[in-house]
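Asks:
Numbering (the working numbering), first residue to last: 112 to 404.
(1) Who are the Cβ neighbours of residue 343 in its own chain at under 6 Å, not counting the five residues just before and after it?
(2) Does the Cβ-Cβ distance between residue 339 and residue 347 come in under 8 Å?
(3) From residue 305 to residue 377, what does the alpha carbon distance come to, in whole angstroms?
(4) Would you mind working out which of 203, 359, 323 and 302 sits nearest residue 334, comparing C-alpha positions?
(5) DSSP three-state label for residue 359, please.
(6) Does the count of Cβ pairs from the segment 180-193 and the segment 225-234 closer than 8 Å reach three?
(7) Please classify residue 253 as buried or exposed, where buried requires at least 16 other C-beta atoms within 10 Å of its C-beta.
(8) Under 8 Å, do residue 157 and residue 144 count as touching if we go by C-beta distance?
(9) By the 10 Å Cβ neighbour count, where 16 or more other Cβ atoms means buried, how is residue 206 classified, buried or exposed?
(10) Around the Cβ of residue 220, are there at least 16 other Cβ atoms within 10 angstroms (buried) or fewer (exposed)?
(11) Among 138, 274 and 332, which residue has its Cα nearest to the Cα of residue 161?
(12) Go through its chain and collect everything with a Cβ distance to residue 263's Cβ below 8 Å, but skip five positions before and after it.
(13) Is residue 266 near the ligand SAH, in the sense that its beta carbon is under 7 Å from a heavy atom of that ligand?
(14) I believe residue 295 touches residue 197 by the beta-carbon criterion, under 8 Å. Please report the beta-carbon distance rounded to the nearest angstrom.
(15) Taking a contact to mean a Cβ-Cβ separation below 8 Å, would you say residue 141 touches residue 159 in this structure?
(16) Expressed to the nearest angstrom, what Euclidean distance is found between the alpha-carbon atoms of residue 341 and residue 397?
(17) Does the beta-carbon distance from residue 332 to residue 184 come in below 8 Å?
(18) Tell me which residue opens and which closes the alpha helix (DSSP H) that residue 229 is part of.
(19) Leaving out the 5 sequence neighbours to the left and right, which residues in its chain are closer than 6 Å to residue 186 when beta-carbon positions are compared?
(20) Classify residue 375 as helix, strand or coil using the three-state DSSP reduction.
(21) Taking only runs that begin and end inside the segment 266-300, name each unbroken alpha helix (DSSP H) of 4 or more residues, in chain order.
(22) Could you tell me how far apart the beta carbons of residue 391 and residue 360 are, in whole angstroms, since I believe they sit closer than 8 Å?
(23) Kindly indicate which residue of 337, 194 and 289 has the alpha-carbon position closest to the one of residue 309.
(24) If you count every other CB in all the chains shown that lies within 10 Å of the CB of residue 260, and 16 or more means buried, which is it?
(25) Let's test the definition: count the other Cβ atoms within 10 Å of the Cβ of residue 191 and tell me whether it reaches 16, buried, or not, exposed.
(26) Output the boundary residues of the beta strand (DSSP E) element that contains residue 140.
(27) Nearest by alpha-carbon distance to residue 370: which of 379, 237 and 395 is it?
(28) Would residue 345 and residue 374 be called neighbours here (beta carbons separated by less than 8 Å)?
(29) Checking the sheet assignment: what are the DSSP bridge partners for residue 175?
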């Protein structure tokens, strides 16, 4: 029987190895985040904690800070106060490429490059993992092919992106975000410019991919009814602050319609699914207090 291998001890006087930081219970965390643009405070003392695997919808009027919040969460912008952490790491301390391995942001729209094919666009999502030289040398990889297949655009791979319809382009942008293969997915109004059928298709696709891949999803939605149907949690912004946060059945109330959206209306329940259904009646002046009671 061989003699046991002796344990290797650190040299005398050497510093003890630093213990690994405890893993955060949150996939995404915003801690008293503040961000201002010239002449306007956009986000003020925002606190938001999202657990791994949650599907959260961010709602509110235009200009309330929703898209800016996503840009901060992705590391595209840096907070002027407070901190943004992804899986416990301060995203401001990560390089752009490191941040892109943790968070993928699907923008509302993107400038079209004439002649760029679906395959070429989706391959750009592999930059964080492979770098520009790796993409040029190796071409497609299993991850980009899976992204094309998962969103149902594999058959369009060699079509120019600028020849696609609005709904088709949204699918391709989603494939681009999925190709980054990140644990956190941020979607900025993924149903913009889409008709009702394509809105449902895109949101059902997001819900399915979230379940299959175990993703954490934070998405900005313009339609409160769709947000209440597809998200398990709603976060409402008003004037750069969180005005309400919780399950749709608790958050979507006549008080929310009045205090966040400036609308008098009624809230019912879908007979089959049970999610809240809004019946807006008429606009009203917004209240001064941005906390919903």
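Every residue, glycine too, gets a C-beta built ideally from N, C-alpha and C.
Replies: Straight from the coordinates:
(1) Here the question's residue 343 lines up with position 232 in the chain shown. The beta carbon of residue 343 lies closer than 6 Å to those of 166 in the same chain, with the five residues before and after it left out.
(2) Within the chain shown, the letter at position 228 stands for residue 339. Within the chain shown, the letter at position 236 stands for residue 347. Remark: C-beta atoms of residue 339 and residue 347 do not approach each other more closely than 8 Å.
(3) For this step, residue 305 is matched to residue 194 along the chain shown. For this step, residue 377 is matched to residue 266 along the chain shown. Between residue 305 and residue 377, the alpha-carbon positions lie close to 26 Å from each other.
(4) Translated into the one-based positions of the chain shown, residue 334 becomes position 223. When each option's Cα is compared against that of residue 334, the closest is 302.
(5) As a working note, residue 359 is residue 248 in the chain shown. Residue state, collapsed to three classes: helix.
(6) No: the two stretches stay apart, fewer than three of their Cβ pairs being nearer than 8 Å.
(7) Sequence index remark: in the chain shown, residue 253 carries index 142 (1-based). Under this definition residue 253 is an exposed residue.
(8) Within the chain shown, numbered from 1, the residue matching residue 157 stands at position 46. Within the chain shown, numbered from 1, the residue matching residue 144 stands at position 33. Contact flag set, yes.
(9) On the chain shown, residue 206 is found 95 positions in, with the first residue counted as 1. It is exposed - the Cβ of residue 206 has fewer than 16 other Cβ atoms within 10 Å.
(10) Within the chain shown, numbered from 1, the residue matching residue 220 stands at position 109. Taking every protein chain shown into account, the CB of residue 220 has fewer than 16 other CB atoms within 10 angstroms, so this residue is exposed.
(11) For this step, residue 161 is matched to residue 50 along the chain shown. Cα-wise, what sits closest to residue 161 is 138.
(12) Indexing the chain shown from 1 puts residue 263 at position 152. For residue 263, where only same-chain residues beyond five positions count, the Cβ hits under 8 Å are 282 and 316.
(13) As for the ligand SAH, it is missing from this structure, which has no ligand bound.
(14) Counting from 1 along the chain shown, the entry for residue 295 is found at position 184. Counting from 1 along the chain shown, the entry for residue 197 is found at position 86. At roughly 6 Å, the Cβ-Cβ gap stays under 8 Å, so residue 295 and residue 197 are in contact.
(15) Here residue 141 corresponds to residue number 30 of the chain shown, with the count starting at 1. Here residue 159 corresponds to residue number 48 of the chain shown, with the count starting at 1. In this structure, residue 141 lies near residue 159, with their beta-carbon atoms less than 8 Å apart.
(16) Taking the first residue of the chain shown as position 1, residue 341 is located at position 230. Taking the first residue of the chain shown as position 1, residue 397 is located at position 286. Computed Cα separation, rounded: 27 Å.
(17) Residue 332 sits at position 221 when you count from the first residue of the chain shown. Residue 184 sits at position 73 when you count from the first residue of the chain shown. No, the Cβ-Cβ distance between residue 332 and residue 184 is not below 8 Å.
(18) Against the chain shown, residue 229 aligns to sequence position 118. Element bounds for residue 229: 229-234.
(19) As a first step, residue 186 must be located in the chain shown, where it is residue number 75. Cβ within range, chain order: 202 and 210.
(20) Start at 1 with the first residue of the chain shown, and residue 375 comes out as number 264. Per DSSP, reduced to three states, the secondary structure at residue 375 is strand.
(21) Given a length threshold of 4 residues, each whole run of the alpha helix (DSSP H) inside the segment 266-300 is given here in chain order: 277-290.
(22) On the chain shown, residue 391 is found 280 positions in, with the first residue counted as 1. On the chain shown, residue 360 is found 249 positions in, with the first residue counted as 1. Not quite, the Cβ-Cβ distance comes to about 18 Å (not below 8 Å), so this is no contact.
(23) On the chain shown, residue 309 is found 198 positions in, with the first residue counted as 1. For residue 309, the closest of 337, 194 and 289 by C-alpha to C-alpha distance is 337.
(24) Counting from one through the chain shown, the residue named residue 260 turns up at place 149. That one is exposed.
(25) Numbered from 1 along the chain shown, position 80 holds the residue referred to as residue 191. Residue 191 should be labelled exposed.
(26) Counting from 1 along the chain shown, the entry for residue 140 is found at position 29. Annotation for residue 140: the continuous beta strand (DSSP E) segment containing it runs 139-148.
(27) If you number the chain shown from 1, residue 370 lands on position 259. It is 395.
(28) Counting from 1 along the chain shown, the entry for residue 345 is found at position 234. Counting from 1 along the chain shown, the entry for residue 374 is found at position 263. It is not a contact, given that the beta carbons lie outside the stated cut-off.
(29) The count along the chain shown starts at 1 and reaches residue 175 at position 64. Its beta-bridge partners do not exist; DSSP assigns none.
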